[in-house]
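S.K.: Encoded as structure tokens, here's the structure I'll be asking about.
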Amino acid sequence: MRSVRFPRYARSPGLPRSFSQRALGTGLIVFSLAATLLALLIPVHLFGGAAPAAADARTTWSDDGRGTTATPSGPLTPLDRDFVRRVRLAGLWEKPAGGLAQERGTKDAVRMAGDHLVDGHTELDRRSIEVARALDVALPERPDADQRGWLDQLRAARGSTFERLFANLVRAAHGKVFALVALVRDRTGNAMVRALATRANTVVLDHITVLENTGLVDFPHPGNDEKK
1 MRSVRFPRYA
11 RSPGLPRSFS
21 QRALGTGLIV
31 FSLAATLLAL
41 LIPVHLFGGA
51 APAAADARTT
61 WSDDGRGTTA
71 TPSGPLTPLD
81 RDFVRRVRLA
91 GLWEKPAGGL
101 AQERGTKDAV
111 RMAGDHLVDG
121 HTELDRRSIE
131 VARALDVALP
141 ERPDADQRGW
151 LDQLRAARGS
161 TFERLFANLV
171 RAAHGKVFAL
181 VALVRDRTGN
191 AMVRALATRA
201 NTVVLDHITV
211 LENTGLVDFP
221 HPGNDEKK
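Each residue of the sequence shown is one higher than the one before, counting from 1 in UniProt numbering.
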């Protein structure tokens with residue numbers, strides 16, 4: 001029986017094999033570089049652009065309706081003026097709260113937190129008054145209604161009840177003002193306000209730290225209220 005021979009087909013004409021391999025390798029490199037660049041650009045677009053809006057969502061401030069005014073130290077915006085007022089307002093109740101902690105605290109850490117509050121707000125009071133005078137910003141002379149209520153609670157409390165109330169009330173207030181300090185420090189174009197925000201950032205963070213060091217702060221972790 002004769003064996004059947006199949007015809008041998010010639011390789012289709014085209015580019016040399018070595019050239020095709022090089023082209024494929026080059027294509028893979030270009031694709032990898034493009035993918036890397038896209039991965040770098042997407043987070044910047046999605047998250048970088050949204051950061052200021054997120055900060056604004058956590059921070060509230062009041063517009064006094066006076067608009068932006070020119071000063072020797074730079075433009076003064078409604079946000080700047082509100083910040084200077086709030087620094088002064090914080091001291092009007094947190095400094096007395098610190099004094100109560102010095103007197104009534106039974107734990108060394110609570111008394112130390114009181115020392116830091118009194119010292120820090122004595123300095124920030126002085127600085128805010130100086131800035132307000134230079135920039136013609138009217139300052140409050142007494143705590144607001146909420147702050148007076150917090151002071152009343154502290155004055156009525158004693159012992160461990162006072163210490164826990166002190167740590168949590170003052171820590172919560174500092175958390176709110178900390179966000180405002182960061183916003184002002186980032187956005188202000190006024191040199192005097194920027195210097196006040198820079199110092200306030202250091203003082204407020206110090207106060208947050210010593211309050212947390214009391215071991216009495218109840219941190220609001222998401223999901224704590226969910227049933228297990």
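Think of the CB as a built atom: it goes at the ideal place given N, C-alpha and C, for glycine as much as any other residue.
1. Just checking, does the stretch 133-152 make contact with the stretch 195-212 on the three C-beta pairs under 8 Å criterion?
2. Count the other CB atoms, across all protein chains shown, that sit within 10 Å of the CB of L180; report buried if there are 16 or more and exposed otherwise.
3. According to the Cβ coordinates, are A182 and N201 closer than 9 Å?
4. Please work out which residues of its chain come closer than 7 Å, Cβ to Cβ, to D218, disregarding the five sequence neighbours upstream and downstream, and give them in chain order.
5. Nearest-angstrom Cα distance between Q102 and V184?
6. Could you check if P72 is buried or exposed, using at least 16 other CB atoms within 10 Å of its CB as the buried criterion?
7. Pick out whichever of T188, I208 and N213 has its Cα sitting closest to the Cα of T77.
8. Run through DSSP, which three-state label would T71 get?
9. Could you check where the alpha helix (DSSP H) with A200 kicks off and where it finishes?
10. If you draw a straight line from the C-alpha of L211 to the C-alpha of R66, how long is it?
11. Could you tell me the alpha carbon to alpha carbon distance between V44 and S62, rounded to whole angstroms?
12. Rounding to the nearest angstrom, what Cα-Cα distance links R199 and A157 in this structure?
13. Can you say whether G215 is buried or exposed, counting buried as having 16 or more other CB atoms within 10 angstroms of its CB?
14. Taking DSSP as the reference, what is the three-state secondary structure of L100?
15. Provide the residue(s) that pair with L124 in DSSP beta bridges, ordered along the chain.
16. Use the C-beta contact count for R126: other C-beta atoms within 10 angstroms, 16 or more gives buried, fewer gives exposed.
17. Rank F83, T69 and D64 by C-alpha distance to the C-alpha of V177 and give the top, closest one.
18. Can you tell which of G149, L154, G159 and A132 has the C-alpha that lies nearest to the C-alpha of R85?
19. Could you work out which residue in H207, A191, L92 and R88 is closest to S128 when comparing CA atoms only?
20. Taking the alpha-carbon positions, what's the G99 to R81 distance?
21. Cβ-heavy atom distance between R127 and the ligand SAM below 8 Å?
M.R.: Considering the structure as presented:
1. no
2. Within the sequence shown, numbered from 1, the residue matching residue 180 stands at position 180. So L180 ends up on the buried side.
3. Within the sequence shown, numbered from 1, the residue matching residue 182 stands at position 182. Within the sequence shown, numbered from 1, the residue matching residue 201 stands at position 201. In contact: A182 and N201 (Cβ atoms closer than 9 Å).
4. Residue mapping note: residue 218 aligns to position 218 of the sequence shown, counting from 1. Taken in chain order, the residues that qualify are N168.
5. Walking along the sequence shown from the start, residue 102 turns up at place 102. Walking along the sequence shown from the start, residue 184 turns up at place 184. About 31 Å.
6. For the purposes of this step, residue 72 is identified with residue 72 of the sequence shown, where counting begins at 1. Classification of P72: exposed, given that the 10 Å Cβ count is below 16.
7. Here residue 77 refers to the residue found at position 77 when the sequence shown is read from its first residue. Closest option to T77, Cα to Cα, is T188.
8. On the sequence shown, residue 71 is found 71 positions in, with the first residue counted as 1. Note: T71 maps to coil in three-state DSSP.
9. Within the sequence shown, numbered from 1, the residue matching residue 200 stands at position 200. Run containing A200: A191 to E212, per the alpha helix (DSSP H) assignment.
10. Your numbering for residue 211 matches position 211 in the sequence shown. Your numbering for residue 66 matches position 66 in the sequence shown. C-alpha separation (whole angstroms): 37 Å.
11. Residue numbering aside, residue 44 sits at position 44 when the sequence shown is read from its first letter. Residue numbering aside, residue 62 sits at position 62 when the sequence shown is read from its first letter. At V44 the pLDDT is 36, less than 50, meaning the model places this residue with poor confidence; the figure from the coordinates comes in the next sentence. So the two alpha carbons sit approximately 31 Å from each other.
12. The residue you call residue 199 lines up with position 199 of the sequence shown. The residue you call residue 157 lines up with position 157 of the sequence shown. Cα to Cα, the separation comes out at about 32 Å.
13. Sequence index remark: in the sequence shown, residue 215 carries index 215 (1-based). Flag for G215 reads exposed.
14. Start at 1 with the first residue of the sequence shown, and residue 100 comes out as number 100. Helix, per DSSP.
15. If you number the sequence shown from 1, residue 124 lands on position 124. Note: L124 sits in no beta bridge, so no partner.
16. For the purposes of this step, residue 126 is taken as residue 126 along the sequence shown, with counting starting at 1. It counts as exposed.
17. The residue labelled residue 177 in the question sits at position 177 within the sequence shown. With distances taken between Cα atoms, V177 lies closest to F83.
18. Residue mapping note: residue 85 aligns to position 85 of the sequence shown, counting from 1. Looking at the Cα atoms, A132 is the closest of the given residues.
19. By one-based count along the sequence shown, residue 128 stands at place 128. When only C-alpha atoms are compared, the closest one is R88.
20. Locating residue 99 in the sequence shown gives position 99, where the first residue counts as 1. Locating residue 81 in the sequence shown gives position 81, where the first residue counts as 1. Using only the alpha carbons, I get a separation of about 28 Å.
21. By its list of ligands, the structure shown contains no ligand whatsoever, and the ligand SAM lies outside what it can speak to.
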